[in-house]
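Trainee: Before we start, here is the structure in question, set down as structure tokens.
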Amino acid sequence: MRTVTGLVVALMLITGGPGRAEWYKGNTHTHTINSDGDSAPDAVARWYKEHRYNFVVLSDHNYLTPVDGLNKALAAPGKFLVVGGEEVSDRFRDKSGRGFSIHLNAVNLGRVIPPAGGGSVTEVLQNNVDAINATGAVAHINHPNFGWSLTFEDLLAVKNYNLYEIYNGHPAVNNAGGGGVPGTEAMWDSLLTRGKLVFGIASDDAHSFKKFSPDLSNPGRGWVVVRANALDSDAIARALDRGDFYSSTGVELEDLIITDKRITVKIEPDRSSTRFTTFFIGTGGTVLKATGDNPAVYDITGKELYVRARIEDSNGRKAWTQPFYTGARR
Ligand SMILES: [Zn+2]
Ligand SMILES: [Zn+2]
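In this note's numbering, each residue's number is its place in the sequence shown (first place is 1) plus 21.
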């Protein structure tokens, strides 16, 4: 999605004004040599710029990599932006000695945040969410199944965050779940079914920019496409926090129109013979409708509680739209 949406084109024709919303592709989770990445911040930022992203958040472990110099050096205002961030990386050890990895990203961060600690997994999560919120940055909870550290109950108990990773491109984070533990997308439906509105992020969690292989955490695997009024850190962070974005591992959308009555997903066709299926999903992960149409359209009855869409292509790539609570709750 590189163009202005149809809806916005219509608005522009009416108003002719600036400040129009556009779609910006970005990755909110990336490491550099300032933590355990293999490349300097400049090389990391350039990778994303050269691969036609509009923004990247540098999120080193417990370190705020400076971005002002990078933005000056890359000199692409309105086209590409490096956003300040940190992966606040905390740990909790229970009485049995079991360790839990508790990681949260702070997007649009102005000062480094030390891990906050706490007396339980949920307390550590909450303390770090609160610490991130106190700086004015936006928090997203990362890779819940990494080390099988965070459960659906943890995500349900924590307050005042809107975002968590439903897809993380690192090869060892167990997105799909297993052994009786739900995958991150199934957790999402459990949260939404309980009335907890959270938005799903797809990210790279990239560490390796020099060698590419399925067992390395390479860039380009998961991203968000954000609808914002401007390509600046505040506008991007705010749009993420209010759920004005979709997540993707390869499927691109031309437009997404949601009203009280209808959800319309316009899929960007690719130049090959790829085919698409759109699944509209409601309470408990129930598939309300599956369609091969493009645009894919779902007419809201008002009895669904929520509706979200997952678009899959015939080569396994996906996109996820954010949940929309229908008349039953609104
Ligand atoms: Zn992490
Ligand atoms: Zn990470």
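We treat Cβ as the ideally placed atom computed from N, Cα and C, and that holds for glycine.
Sorry if obvious, but does the Cβ on Phe113 come closer than 7 Å to a heavy atom of ligand 1?
Mentor: Not so, every heavy atom of ligand 1 lies at least 7 Å from the Cβ.
Trainee: Could you name the residues of the same chain whose beta carbon sits closer than 6 Å to that of Pro135, not counting the 5 residues immediately before and after it, in chain order?
Mentor: Around Pro135: no qualifying Cβ.
Trainee: Applying the 10 Å Cβ sphere with the 16-neighbour rule, what's the burial state of Asp225?
Mentor: Answer is buried; the Cβ neighbour count reaches 16.
Trainee: Indicate, with yes or no, if ligand 2 has a heavy atom lying under 7 Å from the CB of Glu108.
Mentor: Correct: Glu108 has its Cβ closer than 7 Å to ligand 2.
Trainee: Any idea what DSSP makes of Arg227, helix, strand or coil?
Mentor: It is worth fixing the name first, because residue 227 is Ala in this sequence and not Arg. Strand at Ala227.
Trainee: For Glu206, count the other beta carbons within 10 Å of its own beta carbon; 16 or more makes it buried, fewer makes it exposed. Which is it?
Mentor: Buried is the call here.
Trainee: Return the Cβ separation of Phe220 and Asn196 in integer angstroms, given the expectation that the two are a contact with Cβ distance under 8 Å.
Mentor: Rounded, the Cβ-Cβ distance is 16 Å, inconsistent with contact.
Trainee: Please return the same chain residues whose Cβ sits closer than 8 Å to the Cβ of Gly168, not counting the five positions on each side in sequence.
Mentor: So the qualifying residues of the chain are Gly120, Phe121, Ser122.
Trainee: Return the Cβ separation of Phe76 and Leu213 in integer angstroms, given the expectation that the two are a contact with Cβ distance under 8 Å.
Mentor: The Cβ separation is near 27 Å, so there is no contact.
Trainee: Please decide whether Thr285 counts as near chain B, where near means a Cβ-Cβ distance under 8 Å.
Mentor: Absent here is chain B; the protein component of the structure consists of one chain.
Trainee: Taking C-alpha atoms, which residue in Asn239, Asn148, Asp151 lies nearest to Pro192?
Mentor: The residue with the shortest Cα to Cα distance from Pro192 is Asn239.
Trainee: Could you check if Asp226 belongs to the surroundings of ligand 2, using beta carbon to heavy atom distance under 7 Å?
Mentor: The answer is yes for Asp226.
Trainee: Here's a check: name, in chain order, each residue in its chain whose Cβ is nearer than 7 Å to the Cβ of Pro316, leaving out the five neighbours to either side.
Mentor: Hits under 7 Å: Thr285, Val286, Lys287.
Trainee: Can you tell me the Cα-Cα spacing of Ala340 and Glu71, whole angstroms?
Mentor: Distance between the alpha carbons of Ala340 and Glu71 is about 22 Å.
Trainee: Exposed or buried, which one is Lys46 when buried takes at least 16 other CB atoms within 10 Å?
Mentor: It counts as buried.
Trainee: According to DSSP, is Tyr69 helix, strand or coil?
Mentor: Residue state, collapsed to three classes: helix.
Trainee: Return the chain-ordered ranges of every beta strand (DSSP E) run that is complete within the region 284-347 and spans a minimum of 3 residues.
Mentor: If we require 3 residues or more, the beta strand (DSSP E) runs fully inside the region 284-347 come out as 297-302, 308-312, 317-320, 327-334, 339-341.
Trainee: Looking only at its chain, what residues have a beta carbon closer than 6 Å to the beta carbon of Leu237, apart from the 5 residues adjacent to it on each side?
Mentor: Within the same chain, Leu237 has close Cβ partners Ser229.
Trainee: Pick from Leu146, Val103, Leu95: whose alpha carbon is nearest that of Asn181?
Mentor: Residue Leu146 is the option with its Cα nearest to Asn181.
Trainee: Could you check which residue in Lys231, Ala66, Glu273 has the C-alpha nearest to that of Val247?
Mentor: Comparing Cα-Cα distances from Val247 to each of Lys231, Ala66, Glu273, the minimum goes to Glu273.
Trainee: Have a look at Ala260, Leu261, Val318 and flag the residue whose alpha-carbon is nearest the alpha-carbon of Asp276.
Mentor: Checking every option, the nearest Cα to that of Asp276 belongs to Val318.
Trainee: So Trp209 is in the beta strand (DSSP E); what residue range does that whole segment cover?
Mentor: Taken as a continuous stretch (DSSP letters only), Trp209 belongs to no beta strand (DSSP E), being part of the alpha helix (DSSP H) at 205-214.
Trainee: Would you say Ala127 and Thr156 are within 8 Å of each other, going by their C-beta atoms?
Mentor: Contact: yes.
Trainee: Flag His161 as yes when its Cβ comes closer than 7 Å to any non-hydrogen atom of ligand 2, and as no otherwise.
Mentor: Not under cutoff, so the answer is no.
Trainee: With a threshold of 16 other CB atoms inside 10 Å of the CB of Gly268, please say whether the residue is buried or exposed.
Mentor: Per the sequence presented here, residue 268 reads as Ser, with Gly not at that position. Counting Cβ neighbours within 10 Å, Ser268 comes out buried, since at least 16 surround it.
Trainee: Express the C-alpha separation of Glu107 and Val133 in angstroms, rounding to a whole number.
Mentor: Approximately 7 Å between the Cα atoms of the pair.
Trainee: Given Thr347, which residues of its chain have a CB within under 7 Å of its CB, disregarding the five upstream and five downstream residues?
Mentor: Only Ile321, Gly323, Glu325, Leu326, Tyr327, Val328 meet the Cβ criterion.
Trainee: How is Ala127 classed by DSSP in three states: helix, strand or coil?
Mentor: It is a strand residue.
Trainee: Excluding the 5 residues flanking Arg114 on each side, which residues of the same chain have their C-beta closer than 8 Å to its C-beta?
Mentor: Contacts found: Gly120, Phe121.
Trainee: Going by C-alpha distance, which of Gly139, Asp265, Thr53 is nearest Gly105?
Mentor: Per the Cα distances, Thr53.
Trainee: What separation, rounded to the nearest whole angstrom, lies between the Cα atoms of Asp210 and Ser170?
Mentor: Distance between the alpha carbons of Asp210 and Ser170: 19 Å.
Trainee: Start and end of the alpha helix (DSSP H) containing Val145?
Mentor: Here the alpha helix (DSSP H) through Val145 covers 142-156.
Trainee: Cutting at 7 Å between CB atoms, please list the residues of its own chain near Gly38, excluding the five before and the five after it.
Mentor: Model confidence at Gly38 stands at a pLDDT of 41, short of 50, so the residue's coordinates are unreliable and nothing is read from them.
Trainee: In its own chain, which residues sit with a C-beta less than 6 Å from the C-beta of Phe137, not counting the 5 before and 5 after it?
Mentor: This sequence places Ala at residue 137; Phe is not what is there. Taken in chain order, the residues that qualify are Asn148, Asn149, Ala152.
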